[in-house]
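For the record, in the sequence shown the residue sitting at position 262 is 262 according to full-length UniProt numbering, with numbers rising by one throughout. Think of the CB as a built atom: it goes at the ideal place given N, C-alpha and C, for glycine as much as any other residue. Written below as structure tokens is the structure these notes are about.
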Amino acid sequence: MSRIGYGAAQLSRLHDRHDEAVALLRRAVDLGVNHVDTAEFYGFSFANTVIRQVLRPEDDVLVVTKVGADPNPVGPVPLRIAQRPEQLRASVEDNLRSLGLDQLPVVNLRRLDTGPGLRPEGDQVVDLDDQLATMTALRDEGKIGAIGLSSVTLDGLRRALPAGIACVQNAYSLVSRDDEDTLRLCTAEGIAWVPFFPLGGGFPSLPRVVDEPAVHAVAESMEVTPSQVGLAWLLHHAPNILLIPGTGDPIHLEANMAVGEITFDAHTLATLDAVESRSNNVAIGVAS
Numbered sequence: 001m002s003r004i005g006y007g008a009a010q011l012s013r014l015h016d017r018h019d020e021a022v023a024l025l026r027r028a029v030d031l032g033v034n035h036v037d038t039a040e041f042y043g044f045s046f047a048n049t050v051i052r053q054v055l056r057p058e059d060d061v062l063v064v065t066k067v068g069a070d071p072n073p074v075g076p077v078p079l080r081i082a083q084r085p086e087q088l089r090a091s092v093e094d095n096l097r098s099l100g101l102d103q104l105p106v107v108n109l110r111r112l113d114t115g116p117g118l119r120p121e122g123d124q125v126v127d128l129d130d131q132l133a134t135m136t137a138l139r140d141e142g143k144i145g146a147i148g149l150s151s152v153t154l155d156g157l158r159r160a161l162p163a164g165i166a167c168v169q170n171a172y173s174l175v176s177r178d179d180e181d182t183l184r185l186c187t188a189e190g191i192a193w194v195p196f197f198p199l200g201g202g203f204p205s206l207p208r209v210v211d212e213p214a215v216h217a218v219a220e221s222m223e224v225t226p227s228q229v230g231l232a233w234l235l236h237h238a239p240n241i242l243l244i245p246g247t248g249d250p251i252h253l254e255a256n257m258a259v260g261e262i263t264f265d266a267h268t269l270a271t272l273d274a275v276e277s278r279s280n281n282v283a284i285g286v287a288s
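Here it is, written out as structure tokens:
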């Protein structure tokens with residue numbers, strides 16, 4: 001598995017430039033991407049449609065999707081929470097159709113318990129055990145290959161371990177390391193840690209890696225960009241971290257893929273490790 005994949009959320013920026021979206025994803029595969037992160041609500045299935053058109057069996061690219069939210073084209077937020085077991089099952093079926101697959105290789109259950117983003121309320125507050133029962137049933141039926149978790153707490157991950165967890169996707173970056181203990185557990189258990197918002201930000205109130213003076217100083221000394229420094233730090237921080245940076249720009253794509261060639265000496269790594277971590281555990285609203 002390549003440590004640098006591609007996050008397909010940004011493909012929606014090319015919604016009106018379909019050929020460019022196809023070319024971008026094809027270029028990502030040509031550059032060595034062999035795992036792609038997607039969701040039915042990325043561009044209201046646009047990302048899944050492009051993936052279906054571009055990826056061929058011989059590309060041997062692992063497609064990782066997620067459930068726990070559905071598209072919401074008419075709402076103030078472009079997705080709505082869908083945490084109930086029957087909604088998880090329906091979302092798996094939606095992803096199977098839009099991706100044109102008989103089985104989804106990995107499906108992340110987006111829990112919404114921690115990190116920035118929406119929080120469930122009312123009948124969308126669902127016990128993790130009930131959700132895992134649905135996910136394991138879908139796995140037993142052959143509709144999904146492996147189960148991942150997203151926006152999950154340390155306690156939630158511990159509870160889920162007996163179900164067999166392939167990966168965890170939480171918001172995590174150099175400037176927001178709330179989940180260090182969860183990362184350590186994943187490392188110990190051989191679970192891939194796949195951070196979203198790997199450069200911080202995502203919402204205006206959240207800290208950003210590219211705003212850090214230390215990051216800029218390192219970037220200037222190494223003749224790379226601050227974004228590349230932030231991504232490379234993640235690769236150096238733990239051996240089980242996989243990246244899924246997203247972009248709609250082919251030049252930016254190539255810069256992201258080049259991050260794997262960046263190495264830090266001990267002094268530089270210590271300088272970056274000393275950057276202050278600020279909380280990203282911020283709810284931005286509630287959607288039902």
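- Item | Spatial neighbours of Asn281 in its chain, beta-carbon cut-off 8 Å, leaving aside the 5 residues before and after | Thr114, Gly115, Pro116 and Asp178
Subject >> Beta carbon of Arg52 nearer than 8 Å to that of Ser12 >> reply: no
For Val54, which residues from the same chain have a beta carbon less than 8 Å from its beta carbon, with the 5 sequence-adjacent residues on both sides left out?
Val22, Leu25, Arg26 and Val29
Q. Would you report the Cα separation of Ile244 and Asp123, rounded to the nearest angstrom?
A. 32 Å
* Asked: Can you tell me the Cα-Cα spacing of Asn170 and Pro76, whole angstroms?
  -> 24 Å
Taking Cβ to Cβ, would you say Val210 is nearer than 8 Å to Val218? no
Q.
Ignoring anything shorter than 4 residues, give me the alpha helix (DSSP H) runs that lie fully in the stretch 142–201, in order along the chain.
A. 154–160 and 180–189
Cut-off 6 Å between Cβ atoms - residues of its own chain near Ala39, not counting five sequence neighbours on either side = Residues of the same chain with a CB within less than 6 Å of the CB of Ala39, apart from the 5 flanking positions on each side, are Thr65 and Lys66 in chain order.
Subject >> Sufficient close CB pairs (3 or more, under 8 Å) joining the stretch 184–204 to the stretch 127–146 >> reply: no
Alpha carbons only, please: which of Asp181, Tyr172 and Gly190 is nearest the one belonging to Gly202? Tyr172
**Q.** Alpha-carbon spacing of Ala232 relative to Pro213, whole angstroms
**A.** 16 Å
Kindly give me the distance between the Cβ atoms of Glu106 and Cys167, rounded to whole angstroms, as I take these residues to be in contact under 8 Å.
Checking the sequence shown, residue 106 turns out to be Val, not Glu. Contact flag correct, Cβ pair sits at about 7 Å.
- request: Note down, in chain order, each residue of its chain lying with its Cβ closer than 7 Å to the Cβ of Thr134, except the 5 sequence neighbours on either side.
  value: Pro85, Leu88 and Arg89
Leu16 classed as buried or exposed, judged by whether at least 16 other C-beta atoms fall within 10 angstroms: According to the sequence shown, residue 16 is Asp rather than Leu. By the 16-neighbour rule on beta-carbons within 10 angstroms, Asp16 is exposed.
Do the CB positions of His216 and Pro226 come within less than 8 Å of each other? yes
- prompt: Using the rule of at least 16 other Cβ atoms within 10 Å of the residue's Cβ for burial, across every protein chain shown, is Arg110 buried or exposed?
  reply: buried
Ordered list of alpha helix (DSSP H) runs contained in the stretch 65–151, each at least 4 residues: Taking only runs of at least 4 residues, the alpha helix (DSSP H) segments lying wholly in the stretch 65–151 are 85–99 and 128–140.
Check your understanding: Per DSSP, what kind of secondary structure is Gly32 in: helix, strand or coil?
Key -> Of the three classes helix, strand and coil, the one that applies to Gly32 here is coil, per DSSP.
- prompt: Does DSSP put Pro244 in a helix, a strand or coil?
  reply: In the sequence as displayed, the identity of residue 244 is Ile instead of Pro. For Ile244, the three-state secondary structure derived from DSSP is coil.
inquiry  = So, for Asp59: in the same chain, excluding its five sequence neighbours on each side, which residues have a beta-carbon less than 8 Å away from its beta-carbon?
reply    = Val29 and Asn34
Per-residue burial, Pro239 [other beta carbons within 10 Å of its own, 16 or more giving buried]:
Exposed: under 16 other Cβ atoms inside 10 Å.
| request: Could you name the residues of the same chain whose beta carbon sits closer than 8 Å to that of Arg158, not counting the 5 residues immediately before and after it, in chain order? | output: Excluding its 5 nearest sequence neighbours in each direction, Arg158 has C-beta neighbours in its own chain below 8 Å: Leu185, listed in chain order.
Check your understanding: Three-state secondary structure (DSSP) at Leu55?
Key -> coil
Exercise. Exposed or buried, Ala266, counting other C-beta atoms within 10 Å across all chains shown (16 or more means buried)?
Worked result: exposed
Residue nearest to Asp181 in terms of C-alpha spacing, selected from Leu154, Pro162 and Gly190:
Leu154
Worksheet item: Between which two residues does the alpha helix (DSSP H) containing Asp273 stretch?
Response: Ala266 to Asp273
Give the C-beta separation of Gly5 and Leu242 to the nearest angstrom, bearing in mind that I take them to be a contact with Cβ-Cβ under 8 Å.
-> 6 Å
- Message: In the DSSP output, which residue or residues are listed as bridge partners for Arg278?
- Response: In the DSSP output, where bridge partners are listed per residue, Arg278 has none listed.
- request: Taking only the alpha-carbon atoms, compute the straight-line gap between Val152 and Leu112 and give it to the nearest angstrom.
  value: 7 Å
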